[in-house]
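Peer 1: Pasting a structure here, questions to come.
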Amino acid sequence: MTRIVLCYPVEPHHIAQIQAAAPQAEVIDAGQERVDAELPTADIFVGHAKVPVDWKRVVDAGRLKWIQSSAAGLDHCLVPEVIASDIVVSSAAGLFAPQVAEQTMALLYGCLRRLPVFWEAARRREFIRRPTDDLRGKTVGIVGLGGNGRKIAAALASMDVRMVATDYFPVDKPDCVDQLWPADRLGELMSVSDIVILALPLNASTRGLIDASMLAKMPPGGYLINVARGQVVVEADLVAALQSGHLAGAGLDVTEIEPLPTESPLWDMPQVIITPHVGAQSARRVDDTTDLVCENMHRYLRGENLWNQVDKGIGFAHPSKVWKPEKK
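Residues in the sequence shown are numbered from 1 upward in steps of one, following UniProt numbering.
This is how it looks when you write it as structure tokens:
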């Protein structure tokens with residue numbers, strides 16, 4: 001019997017929905033507590049293990065055939081053993097793009113309108129005008145124009161900004177984006193962007209990509225917004241750019257180490273807004289994830305191509321394979 005192991009915050013009706021999609025399978029809700037123990041005997045894994053998993057042991061067991069991640073990022077499971085195996089991997093890319101775009105705009109506007117400064121003033125009951133900055137007229141660079149990046153661009157489309165973007169697959173440029181360049185033109189994007197928004201995946205080629213040399217290319221007084229993964233930024237270099245005044249601010253939903261250590265200088269910087277990796281949070285997150293799981297389950301059992309099936313060598317799917325769910 002096919003064994004499907006789940007590790008995301010499902011409720012009984014989600015389990016029933018998956019069971020209905022695969023009526024001949026055994027569905028196991030392992031949770032974070034039992035996922036490592038259950039995975040070697042799984043045929044299909046659905047979820048995101050946030051605890052250590054012995055992936056070598058799983059691969060060596062020779063049973064697992066498909067990983068359907070409940071997250072867009074795959075750094076939790078795309079380890080060398082999985083990459084080298086025949087295990088098919090698919091992601092939740094684009095599924096939470098509306099929420100990530102909302103988080104991006106919240107961080108961006110908070111930085112520009114100096115909300116941390118006004119929050120602190122409010123605690124002191126000070127009603128004093130202080131300088132703010134404008135979005136209008138700025139150049140915004142989006143690094144990674146996948147599902148999240150495109151939704152962010154759409155959210156910015158009416159704001160009288162110039163947008164440039166880089167992507168591994170520089171295809172199907174949205175009308176609202178002025179220039180779409182290949183990933184190797186990142187340096188050029190940094191040099192022309194007053195605001196840089198990171199929406200790229202974490203893999204071997206992007207880890208530490210935004211370092212001192214890249215940040216130095218930005219115009220003085222720029223802003224960095226990271227809704228990707230913390231480890232794409234060399235955090236010590238970001239701190240230095242903020243302390244020197246080269247960057248005017250940063251909005252960080254992710255950090256190099258999570259939780260962000262209490263001793264990090266970022267906590268005490270009034271020009272920095274930190275949120276605890278909540279960009280993809282949504283009241284509908286588990287429902288939407290389960291809809292994707294079931295759609296892909298039907299496809300898998302029929303031997304069809306999966307939505308969001310990734311090229312394991314680069315860690316993400318081609319844009320033509322990204323699932324675009326119907327609006328609800």
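Every residue gets a Cβ at the ideal spot worked out from N, C-alpha and C, and that includes glycine.
Note down the Cα distance separating His48 from Leu238, rounded to an integer number of angstroms.
Peer 2: Position 48 of the sequence shown, counted from the first residue, corresponds to residue 48. Position 238 of the sequence shown, counted from the first residue, corresponds to residue 238. Roughly 29 angstroms separates the two Cα atoms.
Peer 1: Quick check on DSSP: helix, strand or coil for Met218?
Peer 2: Here residue 218 refers to the residue found at position 218 when the sequence shown is read from its first residue. Coil, per DSSP.
Peer 1: Going by the CB atoms, is the gap between Ala101 and Ile152 shorter than 9 angstroms?
Peer 2: Mapped onto the sequence shown, residue 152 falls at position 152. Mapped onto the sequence shown, residue 101 falls at position 101. Closer than 9 angstroms, so yes.
Peer 1: By the three-class DSSP mapping on this structure, what secondary structure does Tyr223 have?
Peer 2: Position 223 of the sequence shown, counting from 1, holds the residue named residue 223. Tyr223: strand per DSSP, three-state reduction.
Peer 1: Suppose contacts are defined by Cβ-Cβ distances below 9 angstroms. Is Val196 in contact with Leu224 by that definition?
Peer 2: Walking along the sequence shown from the start, residue 196 turns up at place 196. Walking along the sequence shown from the start, residue 224 turns up at place 224. Against a cut-off of 9 angstroms, the Cβ pair of Leu224 and Val196 comes out as a contact.
Peer 1: Given a threshold of 16 other Cβ atoms within 10 Å of its Cβ, counted over all protein chains shown, does Tyr300 qualify as buried or as exposed?
Peer 2: The residue you call residue 300 lines up with position 300 of the sequence shown. Tyr300 comes out buried.
Peer 1: State the beta-bridge partners of Thr166 as determined by DSSP.
Peer 2: Working through the sequence shown from its first residue, we reach residue 166 at position 166. DSSP, once it has assigned bridges, lists Val143 and Trp181 as partnering Thr166.
Peer 1: Between the alpha carbons of Val286 and His277, how many angstroms are there, rounded?
Peer 2: The residue labelled residue 286 in the question sits at position 286 within the sequence shown. The residue labelled residue 277 in the question sits at position 277 within the sequence shown. Spanning the alpha carbons of Val286 and His277 requires a straight line of approximately 17 angstroms.
Peer 1: Identify the residues that DSSP records as bridge partners of residue 330: which are they?
Peer 2: The requested residue 330 does not occur in the structure, where the chain is confined to residues 1 to 328.
Peer 1: Determine, using beta-carbon pairs with one atom in the stretch 240–259 and one in the stretch 205–223, whether at least three such pairs fall under 8 angstroms.
Peer 2: yes
Peer 1: According to DSSP, which residues form a beta bridge with residue 331?
Peer 2: Limits of the chain in this structure are 1 at one end and 328 at the other, which puts residue 331 out of reach.
Peer 1: What residues match up with Ile4 in a beta bridge as DSSP calls it?
Peer 2: The count along the sequence shown starts at 1 and reaches residue 4 at position 4. Its beta-bridge partners are Val27 and Ile44.
Peer 1: Taking Met214 and Gly187 to be in contact with their CB atoms under 8 angstroms, please state how far apart those CB atoms are, rounded to whole angstroms.
Peer 2: Locating residue 214 in the sequence shown gives position 214, where the first residue counts as 1. Locating residue 187 in the sequence shown gives position 187, where the first residue counts as 1. That pair is a contact at about 7 angstroms.
Peer 1: Decide if the stretch 132–151 is in contact with the stretch 164–171; the criterion is three or more beta carbon pairs, one per stretch, under 8 angstroms apart.
Peer 2: yes
Peer 1: Please list, in chain order, all residues of the same chain as Ala61 whose beta carbon is under 6 angstroms from its beta carbon, the five residues on each side excluded.
Peer 2: Numbered from its first residue, the sequence shown carries residue 61 at position 61. Once the five neighbours on either side are set aside, the close Cβ partners of Ala61 are Pro40.
Peer 1: Once the 5 residues before and after Ala216 are set aside, which same chain residues still bring their CB inside 8 angstroms of it?
Peer 2: The residue given as residue 216 occupies position 216 in the sequence shown. Once the five neighbours on either side are set aside, the close Cβ partners of Ala216 are Ala241 and His246.
Peer 1: Report the residue from Arg123, Ser85 and Asp194 whose alpha carbon sits nearest the alpha carbon of Asp134.
Peer 2: Locating residue 134 in the sequence shown gives position 134, counting from the first residue. Ranking Arg123, Ser85 and Asp194 by Cα distance to Asp134 puts Asp194 first.
Peer 1: Is Ile197 helix, strand or coil by DSSP?
Peer 2: For the purposes of this step, residue 197 is taken as residue 197 along the sequence shown, with counting starting at 1. DSSP places Ile197 in strand when its eight states are reduced to three.
Peer 1: If you measure between the beta carbons of Ser90 and Ala317, is that distance less than 9 angstroms?
Peer 2: Here residue 90 refers to the residue found at position 90 when the sequence shown is read from its first residue. Here residue 317 refers to the residue found at position 317 when the sequence shown is read from its first residue. Yes, the Cβ-Cβ distance between Ser90 and Ala317 is below 9 angstroms.
Peer 1: How would you write the range of the alpha helix (DSSP H) that Ser191 sits in, first residue to last?
Peer 2: Locating residue 191 in the sequence shown gives position 191, counting from the first residue. From DSSP, the alpha helix (DSSP H) with Ser191 extends over Leu186 to Val192.
Peer 1: Does the pairing of the stretch 117–125 with the stretch 175–189 give three or more beta-carbon distances under 8 angstroms?
Peer 2: no
Peer 1: Going along the chain, which residues of its own chain have a beta-carbon closer than 8 angstroms to the beta-carbon of Ala154, five neighbours each way excluded?
Peer 2: Within the sequence shown, numbered from 1, the residue matching residue 154 stands at position 154. Correct list, in chain order: Ala101, Pro174 and Cys176.
Peer 1: Here's the rule I'm using: 16 or more other beta-carbon atoms within 10 Å means buried, otherwise exposed. How should Met1 be labelled?
Peer 2: If you number the sequence shown from 1, residue 1 lands on position 1. That one is exposed.
Peer 1: Measuring CA to CA, which of Gly251, Lys321 and Pro80 is closest to Leu115?
Peer 2: Position 115 of the sequence shown holds residue 115. Closest by alpha carbon: Gly251.
Peer 1: Check whether the stretch 77–86 touches the stretch 8–23, counting contact only when three or more Cβ pairs, one atom from each stretch, lie closer than 8 angstroms.
Peer 2: Between the stretch 77–86 and the stretch 8–23, the count of Cβ pairs shorter than 8 angstroms is below three; the stretches do not touch.
Peer 1: Among Ser70, Leu266, Lys312 and Ala283, which one has its Cα closest to the Cα of Leu292?
Peer 2: Walking along the sequence shown from the start, residue 292 turns up at place 292. The shortest Cα separation from Leu292 among Ser70, Leu266, Lys312 and Ala283 belongs to Ser70.
Peer 1: Can you round the beta-carbon distance between Gly315 and Pro182 to whole angstroms, since I take them to be within the 8 angstroms contact cut?
Peer 2: In the sequence shown, the residue the question calls residue 315 occupies position 315. In the sequence shown, the residue the question calls residue 182 occupies position 182. Not a contact, Cβ separation roughly 17 angstroms.
Peer 1: Could you give the uninterrupted runs of the beta strand (DSSP E) lying entirely in the stretch 86–124, keeping only those of 3 residues or more?
Peer 2: 88–90
Peer 1: Have a look at Leu266 and Glu235 and give me their C-alpha separation to the nearest angstrom.
Peer 2: The residue you call residue 266 lines up with position 266 of the sequence shown. The residue you call residue 235 lines up with position 235 of the sequence shown. Straight-line Cα distance between these residues: approximately 9 angstroms.
Peer 1: Name the two residues that bound the continuous beta strand (DSSP E) containing Ile67.
Peer 2: For the purposes of this step, residue 67 is taken as residue 67 along the sequence shown, with counting starting at 1. Start and end: Trp66 to Ser69.
Peer 1: Taking 6 angstroms as the limit between beta carbons, can you name the residues of its chain near Thr139, skipping five residues before and five after?
Peer 2: By 1-based counting over the sequence shown, the position of residue 139 is 139. Result list for Thr139: Arg162, Val192, Ser193 and Asp194, in chain order.
Peer 1: Spatial neighbours of Arg185 within its chain, please: CB distance less than 7 angstroms, with the 5 preceding and 5 following residues excluded, ordered by chain position.
Peer 2: For the purposes of this step, residue 185 is taken as the residue at position 185 of the sequence shown. Closer than 7 angstroms at the Cβ level, and outside the excluded window around Arg185, lie Thr166.
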